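Asker: Residue numbers (our numbering): 2 to 133.
Where a beta carbon is used, it is the ideal one built from N, C-alpha and C, also for glycine.
Just so it is clear, the structure is predicted and the values come from calculations on it, not from any experiment.
Got a structure here, written out as structure tokens. Questions coming.
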Amino acid sequence: MRTISKVFVGFVLVMTGIWLVSNPDLFAASSFISLRHFMVQYSGFLAISMMSLILLLSVRPVWLTRRLGGLDKAYRLHKWLGIAVLVVATLHWAWRMAPKWGVALGLLERGRRGSRPGGAGWGGPALGAIAV
2 MRTISKVFVG FVLVMTGIWL VSNPDLFAAS SFISLRHFMV QYSGFLAISM MSLILLLSVR
62 PVWLTRRLGG LDKAYRLHKW LGIAVLVVAT LHWAWRMAPK WGVALGLLER GRRGSRPGGA
122 GWGGPALGAI AV
């Protein structure tokens, strides 16, 4: 495996490990919606993490360029991280939209919403107190 591949895969694995440690109840997901919630979080976290590394690469620090084996390798890693961010961000959007598509296709039932708490909304007592 080349240096760029090792850095790319290593970064994704480290970020995945950090995310898994921060979500201990991930494996207790009992429904599609709870799984979707975790996948939206994971894809967003991974995309932001990769964009942060892209930003670090774009300032061309000498210590990192040397470790990667030259500026051409740093540019190549920057390019592949950018492509990966596009893919992960698209998956993030798809996980966000999946329930709507599932309901439209008849694969999922629309969930019921709970009742609104008293005083919430535009006509609540809090708004009247602010206007006075």
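Using a 10 Å radius around the Cβ and a threshold of 16 neighbouring Cβ atoms, would you call residue 102 buried or exposed?
Answerer: exposed
Asker: Run through DSSP, which three-state label would residue 31 get?
Answerer: coil
Asker: Taking a contact to mean a Cβ-Cβ separation below 8 Å, would you say residue 39 touches residue 30 in this structure?
Answerer: yes
Asker: Counting Cβ pairs closer than 8 Å, one from the stretch 77-95 and one from the stretch 38-52, do we hit at least three?
Answerer: yes
Asker: Do you know how far the Cα of residue 55 is from the Cα of residue 113?
Answerer: 41 Å
Asker: My understanding is that residue 69 touches residue 5, with C-beta atoms under 8 Å, so please give their C-beta distance in whole angstroms.
Answerer: Yes, they are in contact, since the Cβ atoms of residue 69 and residue 5 sit about 7 Å apart, within 8 Å.
Asker: Taking its Cβ as the centre, do 16 or more other Cβ atoms sit within 10 Å of residue 33, making it buried, or is it exposed?
Answerer: exposed
Asker: I need the straight-line Cα distance from residue 60 to residue 66, nearest angstrom please.
Answerer: 10 Å
Asker: Among 97, 15, 53 and 79, which has the Cα closest to the Cα of residue 37?
Answerer: 97
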